[in-house]
Every structure is written in structure tokens, then in C-alpha cells.
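Its first residue numbered 0, the sequence shown is counted upward by one per residue in numbering that gives the first Met the number 0.
Think of the CB as a built atom: it goes at the ideal place given N, C-alpha and C, for glycine as much as any other residue.
Since the model is a prediction, treat every value here as computed from it, not as a measurement.
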Amino acid sequence: MLTNYDVSPLSYKRQLAKRFDRASLFYDTYADFQKIVLKKLLSQLPVESADSVLDLGTGTGQALEQLTNRLTPTSCVALDLSQQMLGVANARSSHVPNIHYVCADAEALPFSPNAFDCVFSSLAIQWCLKPRDLFNELYRVTRPGGFVVFSTLLEGSMPEVDRAWLNLGERKRVHEYMSESSLLGYLEAGGFERVSSEESCISMSFETAESAIHSLKKVGASLISSNAHASLSPAKWKAFLHQYEAQREEAGIPLSYQVAFVVARKAMNCQE
């Protein structure tokens, strides 16, 4: 979840949906990091079957076939804020039965209480604005005894980008994500029992600084504070790329992320 944004929530969500709409055609080509995280998160599924599943922030539907193969649900809902992403997901998984596509906001889920045995979400909830609302909604739609399984970005992600701006005397332009302790605090305040949690650093390498930033834009992940690019001159952008290139390592230009992998459970005997 984000801890800094400077536009209204409605405007932010509209911007976000449009950004991911634009990214939908290129997402799978550039989503190497997202695929690494998804593979690890799928390995942490705590059950072998689930009658009803929600893939929250499904994007292009990379998880859908694996979720349905592993959990064999009678119903799987693929939810995303971007209608265009859902279109790609639908085309990709048209051969998979019992999938329903819903365009909606994770912080205002259009489902009845206790609707899902398992809620799965890979690298989506970091785009939410109000963690308390998010986890209240997840708790509401999860059945007693059901699980939420998610990954999300944490504070300390993309330090190379921050460092390049700070070296120019500029303010941070990457969104500030919350700490693992804050994330888990909201999770447990929402009523969930934590089954497992892990913070991992995953670093990607690129040929150039420009290609690293390009990869972010192509997956829709460059919504860095809403007015971040408004005052960027060509000279300032060139200076930023120079500072980023100065961080080159043997493998290339690094772009690293702090990622939380969390499995939580709604108590069987919970009081609604």
C-alpha cells in the first residue's frame, strides 16, 4: 500500500486504471519480475483445493490457469481495476472453465460476505490507498477458515531510483511503500491470523538505466508520485539517467524490490 499520494483517491484510481489499460498489450513481455514473484507465491498456497477463489488484481491473468489447476474451484473470479487487463486475461484463459471477470476496486469489493475460500493476490495491493479498508474488505469476503495469500511491495523498493534523484538534490519520486511491520499490523487489525510471512529482496538487472525505467512503464508501474514528471526537463532527465548509470554493477543496472509474501487465515469460529 502507498503511504504518499497527492491527488484525490478517485482521481488516483482513474489514473491507475488508465495506466494499466495502456500497459495491457505489453505487460507480459516486460513482466519478468512479476513472474518471479508469482511463481514463489503460488508455491506458498496453503491448501490443495478451494471451492471458490478470488484472484485480486489478476492483471493479464498469469495466475489463473495455475490457480484453477491446483485448487480446482467450481468458481474463480478474476478481478482488476483495468478493463483492458481483464480483456487480455479473458483471451489468455478462454479455455479455462468457471472463470468470471469483474472490473472493480479492491477497496470496495462487489461481493457478498463469506464469498471465497481463498483470496489470492500477487503484486496488486501495493496500489491500494487505505490498508484498513482493504483488509476489512478481504476479511468480509473470505469465508471462516478461508485464506488470503498475497505478495506486495514494501518500503525500500527501487532504492537505486531514489538514490539517483537524491544525488541530484531532488525529492524522492518513487512512491513510499509501507514497512512489513505496518503491513502485518493492518492485516491482524483486520481480523486475520497470520500463518506465514516473509520479506525478500529481489533484484533485476538491465542493460541500461533507460531500459530499467522503460520496463516499469511497460508494466504500468511508473505511477510515481502523481506530479513527478510534470517539471522534468530533458536536461534533468538526462542527469537522472547519468546518476542511475553510475550505479552499474557487473550484471548490469540494478533495480531491486523488497517483497512481502504473506499467508493469513480467517478464523473458523470468527464472530461476524
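DSSP-derived helix/strand/coil call for F134: Three-state DSSP puts F134 in a helix.
Is L182 close to chain D? Criterion is C-beta to C-beta, closer than 8 Å. No chain D is present in this structure, which holds just one protein chain.
- prompt: Opposite S199 in the DSSP bridges: which residues?
  reply: V258
query = What residue from S196, W126, P233 has the CA that sits closest to A220's CA?
reply = W126
Please specify which runs of the alpha helix (DSSP H), each continuous and at least 4 residues long, are wholly inside the stretch 25–108, giving them in chain order.
Along the length of the stretch 25–108, whole alpha helix (DSSP H) runs at least 4 residues long occupy 26–29, 31–41, 63–70, 82–91, reported in chain order.
Worksheet item: Would you say the stretch 55–69 touches the stretch 240–254, given that touching needs at least three Cβ pairs under 8 Å?
Response: When C-beta atoms of the stretch 55–69 are compared with those of the stretch 240–254, fewer than three pairs fall below 8 Å, so the two segments do not count as touching.
Among L153, L128, V87, A245, which one has its Cα closest to the Cα of A163?
-> A245
| said: Quick check on E209: does DSSP put it in helix, strand or coil? | reply: Reduced to three states, the DSSP call for E209 is helix.
Tell whether a beta-carbon distance below 8 Å holds between V147 and V118. Taking 8 Å as the Cβ cut-off, V147 and V118 qualify as a contacting pair.
Please return the same chain residues whose Cβ sits closer than 8 Å to the Cβ of N97, not counting the five positions on each side in sequence.
T67, P72, T73, S74, C75
I252 bridges to which residues according to DSSP? F205
### Query
Ends of the beta strand (DSSP E) at P143?
141–152
Please list the terminal residues of the continuous beta strand (DSSP E) segment that includes S121. 115–121
### Query
Where do the ends of the alpha helix (DSSP H) carrying S180 lie?
Element bounds for S180: 179–188.
request  = Name the residue from A263, T207, V262, A266 whose alpha carbon lies nearest to the alpha carbon of E248.
outcome  = T207
Give me the residue from I212, K265, Q82 with the minimum Cα distance to R172.
I212
- Of all the options V87, S42, F134, F32, which has the alpha carbon lying nearest to the alpha carbon of V258? Considering only alpha carbons, the answer is F32.
If we ignore side chains and look at the alpha-carbon of each, how far apart do D27 and T59 end up?
-> 7 Å
Next on the checklist: Tell me the rounded alpha-carbon separation between G144 and E192.
Outcome noted: 10 Å
task: Kindly list the residues whose CB is nearer than 6 Å to the CB of S273, restricted to its own chain and excluding five residues on each side of it in sequence; keep chain order.
output: The structure shown has nothing for residue 273, since the chain only spans 0 to 271.
Exercise. Can you check whether the CB of V101 is closer than 8 Å to the CB of L137?
Worked result: Cβ atoms of L137 and V101: not closer than 8 Å.
**Prompt:** Expressed to the nearest angstrom, what Euclidean distance is found between the alpha-carbon atoms of S51 and H99?
**Reply:** 11 Å
**Message:** Within a Cβ cutoff of 8 Å, which residues of the same chain sit near A234, ignoring the five residues on either side of it in sequence?
**Reply:** none
So, helix, strand or coil for R170, using DSSP? DSSP places R170 in coil when its eight states are reduced to three.
Expressed to the nearest angstrom, what Euclidean distance is found between the alpha-carbon atoms of A227 and R21? Low confidence applies to A227: its pLDDT is 48, below 50, so where it sits in the model is not reliable, and the reading given next is rough at best. If I take the Cα positions, the gap works out to 19 Å.
Segment limits, alpha helix (DSSP H) that includes E244: Start and end: 233–244.
So for R18, helix, strand or coil by DSSP? helix
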